[in-house]
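2 protein chains.
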Amino acid sequence: MQSRKSGLSFSQLPATQRRHRMKAVDIVSADELEMIHETSLKVLEEIGMDFIHEEAKKILAKKGAEVDRNSDRVRFPKELILEAISTVPEQFELVSRVPSRNRLIGKDCFVMAPVASAPNSHSRAGGRRDGNMEDFKNFLKLSQMANVADLTQGYPVEPVDVHASIRHLTCINDFIRMTDKPWQAYSLGRDRNLDAIEMCRIAHGVTAEDFDKQVRMTSVINTSSPLKLDNVMLEGIIQMSSRNQLIVLTPFTLSGAMAPVTLAGAAVQQNAEALAGIAFTQMVRAGAPVAYGAFTSNVDMKSGAPAFGTPEYMKTVMLGGQLCRRYKIPYRSSNVVAANTIDSQAAYEAVFSIWALMHSGVNLVKHTFGWMEGGLQASFEKFMLDLDLVQMALKFLEPLGFTEEDLAFDAIKEVDSSGHFLGTMHTQERYQTAFYSPILSDWRNFESWSEAGEPTTFDHAELAYQEMLNSYEEPEPLSQEADEELTTFVAKRIEEGGVATDF
Amino acid sequence: MQSRKSGLSFSQLPATQRRHRMKAVDIVSADELEMIHETSLKVLEEIGMDFIHEEAKKILAKKGAEVDRNSDRVRFPKELILEAISTVPEQFELVSRVPSRNRLIGKDCFVMAPVASAPNSHSRAGGRRDGNMEDFKNFLKLSQMANVADLTQGYPVEPVDVHASIRHLTCINDFIRMTDKPWQAYSLGRDRNLDAIEMCRIAHGVTAEDFDKQVRMTSVINTSSPLKLDNVMLEGIIQMSSRNQLIVLTPFTLSGAMAPVTLAGAAVQQNAEALAGIAFTQMVRAGAPVAYGAFTSNVDMKSGAPAFGTPEYMKTVMLGGQLCRRYKIPYRSSNVVAANTIDSQAAYEAVFSIWALMHSGVNLVKHTFGWMEGGLQASFEKFMLDLDLVQMALKFLEPLGFTEEDLAFDAIKEVDSSGHFLGTMHTQERYQTAFYSPILSDWRNFESWSEAGEPTTFDHAELAYQEMLNSYEEPEPLSQEADEELTTFVAKRIEEGGVATDF
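Protein chains in written order, with the working numbering: chain A, -14 to 488; chain B, -14 to 488.
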């Protein structure tokens, strides 16, 4: 049932644990799935993968991988991969500093996070601009107010007006204080990882020892496709997995660029890279939570530009889900588009993505709200468009009612062949909640719509995001103790200059 | 594989028999499906339905239905319905005057037809106007040129500048001469039906006796929901079914208006009305081809306006398909939107509809290309948008390749960890056909797109429809004999004044 927040003219679905209610759809046969599985294991066994991190190579060698003495190449006996991934938890709870935000991830449970890591932000009124702190904060406000956003997964837009040495301190401080939802730390080196873990510990009000007992934060690890995991990423796995925090292991395998032009081939490479990284998390700490991320799309073969929300993307999203069901590993995918503006393309690429997501059995959706331009833009209006689209998809997946009264024999008998159902008690008792009420759809007839100035979805989305921004309410504050500790920690670390940067 | 028509800058999927390649998705449990089935049979047995046609009532009474003496009410013993629908062919071939256009309908085979029966047409340049002959002909040209349009299913736009008494003669003459695809006759009374059948017979160059041996034309029969089949519709069934032509029996059961506000209840009523009409076709002629049409959507409970492409519409589309799989009856549904312009809403409502269609196991899609405004508008630009969307959905449903070369182990080995796949032979041999090339998507980066004047999908669709219109090629002409016979028949019937009208 939808409900209105105070001050909002539109209603939202409730903030709650989402579960898939329809069986995930298999896109390939069991035999075909095995071909991908077997070929990817053959890639890891015969070709191998570069692990550019000395400590990582020691861990790998100790666990039985074949580490080349004169390079970073690591080869994995098939059984080693299978044994390592067998300890991945099929489902786990991601906890927040406010328990009502705790969410299960895995099996039939899924969560959704807004756009992350865009270098530019965009609003209709303000146009396209470099990422900045004001927009960053405004996206955090929307993320907090959007009921179907369960967590954040990175900076919605990169605030380049804050120096990189202290950006993580400032941004994480905002995540903790402006929202009460779980957040992610970028794996950008040991010092930043440790800062993030400490800030999370303070916000959760637990000891360092107790910190590891629950999954409290997340970090995305991208392979450098093809077949490479670089130093900073492996450092992230070591820091996060050793503390029992969630790694989202995501190869970025664009078919035709960093992966084969055939989708089966791209899936083989994605699977090899994902399994190798996931196996490594388990070698760091058996049982550490990890999600299998898929980010395989195709490129525009005319220009080489990445394409999103395409038929090929849909296939790989569903194929990734099917692989994860085979491995019993939580699955992460994304709602992504290539569109430059809020037109038909933005909508169809998004719905194609969402279509595939909803049938893939996904457990963690990244970039769910606001992603544009292949990730180069975080859009305020697109945030609202996606919110509406995802809510529609969720309503579609809700089961139909099948009580005696839902079947409505008596109502049909009452109305018979000459009446209308609008006036019946059966309708009157239900009409306010019977159907999804969209945020953006304009259902006026053509004449009324023309008289209103022929507004498009872009216009409606602009009003809606402003309205939601204005309705922002701060979450439950930190305890006084945590508040003071966090303030002190951030001030100290900023005073120290944060983290050394190269520039 | 896509290919370009001469003069087209974009490519189309080939004109061919479409088949569902993914298993249809069940949206309710088998038990729930039985509840709808049983309750709808109870509606027909205990409440019944009005059949406003004397001959129809005689046929019904003779076959064992309970026909009320003092009204048009007909009640059906449950077994009578089940027995009657058991003779519906699960699959049949719809033949055209040109054999390459013949298509199977039923089981895994499906066909798609453009928008029909809109009172208004619309193009960006020309704006919204009353339906007229010029637009009618232009939509016929697009329908002929669009490879994925297998047939037409009514006048794309109603040409009100041709008098209603002779409109059917003029329009059917155009269908026959401007396209080579199967077409439909509106069931608007006995005389029009007979004219349409005769024109189809002439175009196919067969005798009246041979005419019945194949399914050559179609007619949609709508119930007057709730629970009524009126005179002109029943006359249509009698004319068409007795000649072995396709009836598409479609209740128009808007949930909250002409049907219960609960979707299960609306489905019960839809199913009762559809089964009664379908049973009647079989009483007229056992084995006559008939499709079960579903057109159950919801209304905007604020205004009473019909809504389309909604989560509720998706559910009923898939539920209709599941019912048809149970009955082994071909299933007809539609690609419908409420949007007034080519914006995000037009796209998301369309993709939501297409999503449900593709998982519903649909066999005949009406209004696939060009429908806007809940059916009040046929749009040239929307025609192209839908063409692109449907092609994307079809590409999504195409199976992935799983040869040794598709799995690409050797390509992965060749590129290894430091290369790029673009330059490999594996990519070069495949890149032109590996991915779907969209008609409308703008994949340029933001800067190039800005310099080009920030075109939206609407702009691209305008250029595309004009291009396709300009590329129109006339189909294979009629034989000289059929040509002369048709010319003579149409001239004679027009001279006679066509069909009497009320106005």
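For every residue, glycine included, the Cβ atom is placed at its ideal position computed from N, Cα and C.
Residue i, buried or exposed, once every other Cβ within 10 Å from all chains shown has been counted against 16
i: residue 4 (chain A); result: exposed
i: residue 213 (chain A); result: buried
i: residue 439 (chain A); result: exposed
i: residue 146 (chain A); result: exposed
i: residue 165 (chain A); result: buried
i: residue 251 (chain A); result: buried
i: residue 433 (chain B); result: exposed
i: residue 190 (chain A); result: exposed
i: residue 218 (chain A); result: buried
i: residue 153 (chain A); result: buried
i: residue 465 (chain A); result: exposed
i: residue 84 (chain B); result: exposed
i: residue 273 (chain B); result: buried
i: residue 148 (chain B); result: exposed
i: residue 300 (chain B); result: buried
i: residue -6 (chain A); result: exposed
i: residue 462 (chain B); result: exposed
i: residue 75 (chain A); result: exposed
i: residue 442 (chain B); result: buried
i: residue 6 (chain B); result: exposed
i: residue 192 (chain A); result: exposed
i: residue -1 (chain B); result: exposed
For residue i, the nearest candidate out of the options (CA to CA)
i: residue 120 (chain A); options: A:312, A:345, A:421, A:108; result: A:108
i: residue 413 (chain B); options: A:340, A:459, A:287, A:444; result: A:287
i: residue 270 (chain B); options: B:369, B:481, B:230; result: B:230
i: residue 496 (chain A); options: A:190, A:275, A:222, A:442; result: The structure shown does not extend to residue 496 (chain A), since chain A is modelled only from -14 through 488, so no value can be given for it.
i: residue 90 (chain A); options: A:1, A:469, A:11, A:290; result: A:1
i: residue 309 (chain A); options: A:256, A:340, A:272; result: A:256
i: residue 38 (chain B); options: B:220, B:467, B:389, B:6; result: B:220
i: residue 319 (chain B); options: B:285, B:289, B:357, B:172; result: B:357
i: residue 364 (chain B); options: B:113, B:456, B:47, B:24; result: B:113
i: residue 186 (chain B); options: B:27, B:482, B:41, B:157; result: B:157
i: residue 232 (chain B); options: B:211, B:204, B:259; result: B:204
i: residue 420 (chain B); options: B:167, B:379, B:442; result: B:379
i: residue 35 (chain B); options: B:399, B:211, B:264, B:345; result: B:211
i: residue 8 (chain B); options: B:388, B:343, B:442; result: B:343
i: residue 551 (chain B); options: B:283, B:224, B:-1; result: Outside the shown range of chain B (-14 to 488) lies residue 551 (chain B), about which nothing can therefore be said.
Beta-carbon separation (whole angstroms), residue i vs residue j, contact threshold 8 Å
i: residue 281 (chain B); j: residue 244 (chain B); result: 7 Å
i: residue 431 (chain A); j: residue 359 (chain A); result: Contact doesn't hold; Cβ gap of about 35 Å is too wide.
i: residue 70 (chain B); j: residue 316 (chain B); result: Not a contact, Cβ separation roughly 13 Å.
i: residue 10 (chain B); j: residue 453 (chain B); result: 33 Å between Cβ atoms; not a contact.
i: residue 133 (chain B); j: residue 372 (chain B); result: 7 Å
i: residue 194 (chain B); j: residue 474 (chain B); result: 18 Å between Cβ atoms; not a contact.
Any non-hydrogen atom of the ligand HEM closer than 7 Å to residue i Cβ
i: residue 367 (chain A); result: You won't find the ligand HEM in this model; it holds no ligand whatsoever.
**Message:** Does the contact criterion of 3 or more C-beta pairs under 8 Å hold for the region 135 to 152 of chain A versus the region 101 to 113 of chain A?
**Reply:** Taking a contact to require three or more Cβ pairs closer than 8 Å, the region 135 to 152 of chain A and the region 101 to 113 of chain A qualify as touching.
**Message:** With three or more C-beta pairs closer than 8 Å as the rule, is the region 382 to 395 of chain B touching the region 346 to 357 of chain B?
**Reply:** The region 346 to 357 of chain B, when compared against the region 382 to 395 of chain B, does not touch it at the 8 Å Cβ threshold.
**Asked** Does the count of Cβ pairs from the region 414 to 431 of chain B and the region 51 to 70 of chain A closer than 8 Å reach three?
**Response** Cβ pair count under 8 Å is below three, so no.
**Request:** Pull out every residue of the region 240 to 260 of chain A whose Cβ sits closer than 9 Å to any Cβ of chain B, in chain order.
**Result:** Flagged, chain order: 240, 241, 242, 243, 244, 245, 246, 247, 248, 249, 250, 251, 252, 253, 254, 257.
**Item:** Residues of the region 405 to 416 of chain B whose Cβ lies closer than 7 Å to any Cβ of chain A, in chain order
**Value:** Within the region 405 to 416 of chain B, the qualifying residues are 405, 406, 407, 411, 412, 415, 416.
**Item:** Contacting positions in the region 20 to 47 of chain A - beta carbon closer than 8 Å to chain B
**Value:** With the criterion set as a beta carbon lying under 8 Å from some beta carbon of chain B, the members of the region 20 to 47 of chain A are 20, 21, 24, 27, 28, 31, 32, 34, 35, in sequence order.
**Request:** With 7 Å as the limit, tell me which residues of the region 366 to 388 of chain B have their beta carbon closer than that to any beta carbon of chain A; keep them in chain order.
**Result:** Residues of the region 366 to 388 of chain B with a C-beta less than 7 Å from any C-beta of chain A: 370, 374, 377, 380, 381, 385, 386, 387, listed in chain order.
**Prompt:** Using 8 Å as the threshold, is the region 325 to 338 of chain B in touch with the region 415 to 424 of chain B, meaning 3 or more CB pairs across them?
**Reply:** In short, these stretches do not touch, since the Cβ pair count stays below three.
**Asked** In chain order, what residues of the region 197 to 215 of chain A put their CB closer than 7 Å to some CB of chain B?
**Response** Residues of the region 197 to 215 of chain A with a C-beta atom less than 7 Å from some C-beta of chain B are 211, 212, 213, listed in chain order.
**Asked** Name the residues in the region 319 to 334 of chain A whose C-beta lies less than 8 Å from a C-beta of chain B; which are they?
**Response** Residues passing the 8 Å Cβ filter: 323, 324, 325, 326, 327, 328, 329, 330, 331, 332, 333, 334.
**Message:** Assess contact between the region 319 to 331 of chain B and the region 399 to 409 of chain B, defined as three or more Cβ pairs (one per stretch) separated by less than 8 Å. Is contact present?
**Reply:** At 8 Å Cβ cutoff, the stretches do not touch.
**Asked** For the region 298 to 316 of chain A, which residues have a beta carbon sitting closer than 8 Å to at least one beta carbon of chain B?
**Response** Those residues of the region 298 to 316 of chain A placed with their C-beta closer than 8 Å to a C-beta in chain B are 299, 300, 304, ordered along the chain.
**Request:** Taking a Cβ distance cut-off of 7 Å, strictly less, list which residues of the region 388 to 403 of chain A are near chain B, in chain order.
**Result:** Within the region 388 to 403 of chain A, the residues whose Cβ lies closer than 7 Å to some Cβ of chain B are 391, 392, 393, 394, 396, 397, 398, 400, 401, 402, listed in chain order.
**Request:** Could you name the residues of the region 120 to 140 of chain B whose beta carbon sits closer than 9 Å to any beta carbon of chain A, in the order they occur along the chain?
**Result:** For the region 120 to 140 of chain B, no residue has a beta-carbon sitting nearer than 9 Å to a beta-carbon of chain A.
**Request:** May I ask you to list, following chain order, the residues of the region 278 to 290 of chain A that have a beta carbon less than 9 Å from some beta carbon of chain B?
**Result:** The region 278 to 290 of chain A vs chain B, Cβ under 9 Å: 283, 284, 285, 286, 287, 288, 289, 290.
**Message:** Closer than 7 Å between beta carbons: that is the criterion. Which residues of the region 102 to 115 of chain A meet it against chain B?
**Reply:** When C-beta distances to chain B are compared with 7 Å, the residues of the region 102 to 115 of chain A below that value are 113, in chain order.
**Prompt:** Just checking, does the region 12 to 25 of chain A make contact with the region 388 to 402 of chain B on the three C-beta pairs under 8 Å criterion?
**Reply:** The region 12 to 25 of chain A, when compared against the region 388 to 402 of chain B, does touch it at the 8 Å Cβ threshold.
**Prompt:** Along the region -11 to 15 of chain B, what residues have a CB closer than 9 Å to any CB found in chain A?
**Reply:** The region -11 to 15 of chain B vs chain A, Cβ under 9 Å: 7, 8, 10, 11, 12, 13, 14.
**Asked** For the region 335 to 354 of chain B, which residues have a beta carbon sitting closer than 7 Å to at least one beta carbon of chain A?
**Response** Closer than 7 Å at the C-beta level to chain A, one finds these residues of the region 335 to 354 of chain B: 336, 337, 340.
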